[in-house]
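A short write-up of the structure that comes next.
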Amino acid sequence: MSVVVRFAPSPTGFLHLGGARTALFNWLYARHCGGRYLLRIEDTDRARSTPAAIEAILEGLRWLGLEGDEPPVFQSTRFARHREVAERLLAEGKAYRCWCTPEELEAMRARARAEGRPVRYDRRCRERPADFRRPGVQPVVRLKVPTEGETVIEDLVQGTVRIANAQLDDMVLLRSDGTPTYMLSVVVDDHDMGITHVIRGDDHLTNAFRQLQLYRAMGVEPPAFAHIPLIHGPDGTKLSKRHGAVSLLEYREMGFLPEAMRNYLVRLGWSLGDREILTTEEMIRHFDIRDVGRSPARFDMDRLLHLNAHWLRQKPADELVRLVEPFLRRLGLELDETGRRRLLEGMAELVVRARTLVELAQGARIYVAPRPLQPDAKAMKFLGEEQRARLARLRAVLAATEPWTPEHLEEVCRAFAAREGVGFGKIAQPLRAALTGTTVSPPIFEVMRVLGREEVLARLDDAVAGQHAAAQQSP
RNA sequence: GUCCCCAUCGUCUAGUGGUCAGGACACCAGCCUUUCAAGCUGGAAACGCGGGUUCGAUUCCCGCUGGGGACGCCA
Numbered sequence: 311m312s313v314v315v316r317f318a319p320s321p322t323g324f325l326h327l328g329g330a331r332t333a334l335f336n337w338l339y340a341r342h343c344g345g346r347y348l349l350r351i352e353d354t355d356r357a358r359s360t361p362a363a364i365e366a367i368l369e370g371l372r373w374l375g376l377e378g379d380e381p382p383v384f385q386s387t388r389f390a391r392h393r394e395v396a397e398r399l400l401a402e403g404k405a406y407r408c409w410c411t412p413e414e415l416e417a418m419r420a421r422a423r424a425e426g427r428p429v430r431y432d433r434r435c436r437e438r439p440a441d442f443r444r445p446g447v448q449p450v451v452r453l454k455v456p457t458e459g460e461t462v463i464e465d466l467v468q469g470t471v472r473i474a475n476a477q478l479d480d481m482v483l484l485r486s487d488g489t490p491t492y493m494l495s496v497v498v499d500d501h502d503m504g505i506t507h508v509i510r511g512d513d514h515l516t517n518a519f520r521q522l523q524l525y526r527a528m529g530v531e532p533p534a535f536a537h538i539p540l541i542h543g544p545d546g547t548k549l550s551k552r553h554g555a556v557s558l559l560e561y562r563e564m565g566f567l568p569e570a571m572r573n574y575l576v577r578l579g580w581s582l583g584d585r586e587i588l589t590t591e592e593m594i595r596h597f598d599i600r601d602v603g604r605s606p607a608r609f610d611m612d613r614l615l616h617l618n619a620h621w622l623r624q625k626p627a628d629e630l631v632r633l634v635e636p637f638l639r640r641l642g643l644e645l646d647e648t649g650r651r652r653l654l655e656g657m658a659e660l661v662v663r664a665r666t667l668v669e670l671a672q673g674a675r676i677y678v679a680p681r682p683l684q685p686d687a688k689a690m691k692f693l694g695e696e697q698r699a700r701l702a703r704l705r706a707v708l709a710a711t712e713p714w715t716p717e718h719l720e721e722v723c724r725a726f727a728a729r730e731g732v733g734f735g736k737i738a739q740p741l742r743a744a745l746t747g748t749t750v751s752p753p754i755f756e757v758m759r760v761l762g763r764e765e766v767l768a769r770l771d772d773a774v775a776g777q778h779a780a781a782q783q784s785p
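Quick note, our numbering runs 310 ahead of the 1-based positions in the first sequence.
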């Protein structure tokens, strides 16, 4: 039997990290098995679903590389079919109308809670005659769930999980306005779409028991279930806004790479021996939903950063230039031909100093920012009277230095330091401050190589003339 | 409260009825060094507790504790 899985987000918000991992596991399993991976938008709650949220979710999936194999199914377009199933169940006596009002139900729950009893509908409408009516009340339709025995799930991740049927509720299938509930819609749609494996967060585990009852009532074969553990925040509770960024797209904005996200996410709950770095191809080759662990993992930003740094370095320079461009723009820097050429030249030394595209853009400023530079406070400390005088003398030397290579420049500067009677550090840091406007940068002779003689001399002139200070005073 | 799930370094994890309990991130130290990184070397760091089963349990069973999740006319 060919595998068909689906990722079914509800468009009431953005795509959550946990949802992204669920999508990834579904996608990997489908790819591994040579099956199909479908998308379904669970917009049965019309009031809370927005087009913007739908677009954001699809955008997130696209970015992660987890688009569906077919256009997404919108659950809201299938109401008629859902209702038809409920009506049939009603006709077959497998479901019944419940005339209790929300207020009554709430009171029922409150009492149960107060008395320490299980919080559950007491089924008071279950045995009412078919022609029962309650003036002014629009009934809901509930499923008749067995009250004795137990329901067992052979979950691909959780193993055998059983629950006493007495714990189950007669869940609502159709609301009083006639619209289907999530519980009905998922089951009908999963069945109609031919879903063979339902892979989702383990917060749905208890739903699976109720859904199993619905499959039985419908007289159809249920899919296999795999309930994967949730991702928790660093404090161990369910990941939420409280923990900072939880929207996948925020991670894109923070400068993370999709391959790094996939690598990070897949290792939460799944592993391949000692391997930490995994390509998507390797994941596909080895992934099996049955190997996913049952304990929840905590989100760890340091680890994500480390993985992102790794994947960043795998990229060729020209692609990094392309990727970093929007992040530079955010810093107010446009890339012209000169900037582009310098970045390409200097990228190797830039990328080892960055863990994200945001950091890469930061580091790239030294090659892109227009003259005169505006040194930061730390750099200014290296550009005092005495140091500028020395830089002026160095400038004269540099003007005649040939060839313009890092090795030779270093020789020249070391010799200069010796002549000045100071340590090499006394030359290098002021030079760095003048040339980059910072105290942290790639090796200074590398920077000089990338910048070229003309730019180096110009920046030195700026520094010697005190242009820096002036620029800083009048922004 | 009821039900369900979980439990190896701080974190992600590997692992087996007998291992010096392995790796990675983070952390610390050293090396390298013009800054910062990177890199290299080394270090500290875990089987939650109590009972069983067994010649022997981190591993199997039970209980406890701790954590998490679910209990809607939300999804």
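C-beta: ideal position from N, C-alpha, C; glycine also.
Original post:
Does the beta-carbon distance from E717 to G656 come in below 8 Å?
Top reply: no
Original post:
What is the DSSP secondary structure of G469, counted as helix, strand or coil?
Top reply: strand
Original post:
Thinking C-beta only, is L708 closer than 8 Å to V750?
Top reply: no
Subject >> Whole beta strand (DSSP E) elements within the region 666 to 728, 3-residue minimum >> reply: none
Original post:
According to the neighbour-count rule (16 or more other Cβ atoms, all chains shown, within 10 Å of its Cβ), is L641 buried or exposed?
Top reply: exposed
**OP:** Note the first and the last residue of the continuous beta strand (DSSP E) segment covering F317.
**Re:** 314 to 317
**OP:** Check each candidate in E730, E712, V732, H501 and name the one with the smallest Cα separation from R763.
**Re:** E712
Subject >> Backbone secondary structure at R452 - three-state DSSP >> reply: strand
Subject >> For S557, the three-state DSSP class (helix, strand or coil) >> reply: strand
**OP:** Measuring alpha carbon to alpha carbon, tell me which of P753, A318, D601, R705 ends up nearest L371.
**Re:** A318
**OP:** Can you give me the start and stop residues for the alpha helix (DSSP H) that A664 sits inside?
**Re:** First-last for A664: undefined, no H or E at that position.
Original post:
Considering only the beta carbon of each residue, do V313 and M503 sit closer than 8 Å?
Top reply: no
Subject >> Three-state secondary structure (DSSP) of E659 >> reply: helix
**OP:** Report all residues from its chain with a CB closer than 7 Å to the CB of L667; omit the five preceding and five following residues, and keep chain order.
**Re:** G565, L633, V634, F637
Original post:
Roughly how many whole angstroms lie between the Cα atoms of A627 and L334?
Top reply: 28 Å
Original post:
On the premise that R663 lies in contact with G649, defined as a C-beta separation below 8 Å, what is that separation, rounded to the nearest angstrom?
Top reply: Actually they do not touch by this definition, with Cβ atoms about 18 Å apart.
Subject >> Paired residues, beta bridge with L368 - DSSP >> reply: For L368, which the question treats as bridged, DSSP gives no partner whatsoever.
Original post:
Cα-Cα, which of A619, E647, R652 is closest to V661?
Top reply: A619
Subject >> Own chain residues within Cβ distance below 8 Å of W373, not counting five before or after >> reply: L558, L559, R562, P568
Original post:
When DSSP labels each residue in this structure, what does E254 get in the three-state scheme?
Top reply: Because the chain spans 311 through 785 in this model, residue 254 falls outside it and cannot be assessed.
**OP:** Report the three-state DSSP secondary structure of C408 (helix, strand or coil).
**Re:** strand
**OP:** Output the boundary residues of the alpha helix (DSSP H) element that contains G546.
**Re:** That residue, G546, is in no alpha helix (DSSP H); it is neither H nor E in DSSP.
Original post:
Where does V629 sit, in a helix, a strand or coil, going by DSSP?
Top reply: Reading off the sequence shown, one finds Glu at residue 629, where the question assumed Val. Residue state, collapsed to three classes: helix.
**OP:** Answer yes or no: do M481 and L515 have a C-beta to C-beta separation smaller than 8 Å?
**Re:** no
Original post:
Ends of the beta strand (DSSP E) at Y347?
Top reply: 346 to 351
**OP:** Please name the residue in I737, V732, R341, A658 whose C-alpha comes closest to that of E720.
**Re:** I737
Original post:
With which residues is V508 paired in a DSSP beta bridge?
Top reply: F535
**OP:** Return yes when the Cβ of N573 is within less than 8 Å of the Cβ of L622, no when it is not.
**Re:** no
**OP:** Could you give the DSSP three-state label for E380: helix, strand or coil?
**Re:** coil
**OP:** Measure the C-alpha to C-alpha separation of M593 and D601 and round it to an integer number of angstroms.
**Re:** 12 Å
**OP:** Mark F535 as exposed unless 16 or more other C-beta atoms lie within 10 angstroms of its C-beta, in which case mark it buried.
**Re:** buried
**OP:** Could you tell me whether the Cβ atoms of M493 and N475 are closer together than 8 Å?
**Re:** no
Subject >> Where A440 falls: helix, strand or coil (DSSP) >> reply: coil
Subject >> Own chain, CB closer than 8 Å to D479, minus 5 neighbours either side, in chain order >> reply: R430, Y431, V455, R520
Original post:
By DSSP, does A607 sit in helix, in strand, or in coil?
Top reply: strand
Original post:
If you follow the alpha helix (DSSP H) that V576 is part of, which residue opens it and which one closes it?
Top reply: 568 to 576
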